[in-house]
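Note sheet for the following structure.
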Amino acid sequence: MLGIELVTDRQLKTPAKDEICHAMEHMKDMGVLVGKGGFYGNVFRITPPLCFTKEDADFFVEVMDIALSKL
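The sequence shown begins at 1 in this note's numbering and counts up by one.
Have a look at this one:
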């Protein structure tokens, strides 16, 4: 499992709750399901399957990049 925390301000560490919901919707539309967690609900929970290939990882990174660039 991997967690990626999103914040709106790096100095104040303000949780990016709304942004993570929008990014998750964009990722779901592109065929990638991720969860969210953390105390404030601003952490991507990434749980890849055991048969995760390099091509799968490349696809995941591309989808996440597209979703986050839409914010």
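Think of the CB as a built atom: it goes at the ideal place given N, C-alpha and C, for glycine as much as any other residue.
Every value quoted in this text rests on a predicted model; they were computed, and no experiment measured them.
| said: Just to confirm the assignment, what range does the alpha helix (DSSP H) spanning Phe-60 have? | reply: Locating residue 60 in the sequence shown gives position 60, where the first residue counts as 1. Under the DSSP assignment, Phe-60 falls in the alpha helix (DSSP H) whose first and last residues are 54-69.
| field | Contacts around Met-27, its chain only, beta-carbon distance under 7 Å, and the 5 residues preceding and following it disregarded | value | Within the sequence shown, residue 27 is the residue found at index 27, counting from 1. These residues qualify, in order along the chain: Val-34, Val-63, Met-64 and Ala-67.
| query | Going by DSSP, what residues sit across from Arg-45 in a beta bridge? | reply | For the purposes of this step, residue 45 is identified with residue 45 of the sequence shown, where counting begins at 1. Under DSSP, Arg-45 shares a beta bridge with Gly-3 and Gly-35.
| message | For Phe-44, which residues in the same chain have their Cβ closer than 6 Å to its Cβ, ignoring the five residues on either side in sequence? | response | Here residue 44 is taken as the residue at index 44 of the sequence shown, counted from 1. Counting only Cβ-Cβ distances below 6 Å, and skipping sequence neighbours, we find Ile-4 and Val-34.
| said: By alpha-carbon positions, which one of His-22, Glu-25 and Ile-46 ends up nearest to Val-61? | reply: Here the question's residue 61 lines up with position 61 in the sequence shown. Ranked by Cα distance from Val-61, the options His-22, Glu-25 and Ile-46 are led by Ile-46.
| request: Would you kindly work out how many angstroms separate the C-alpha atoms of Gly-41 and Ser-69, rounded to a whole number? | output: Residue numbering aside, residue 41 sits at position 41 when the sequence shown is read from its first letter. Residue numbering aside, residue 69 sits at position 69 when the sequence shown is read from its first letter. Near 20 Å, if we compare the C-alpha coordinates of Ser-69 and Gly-41.
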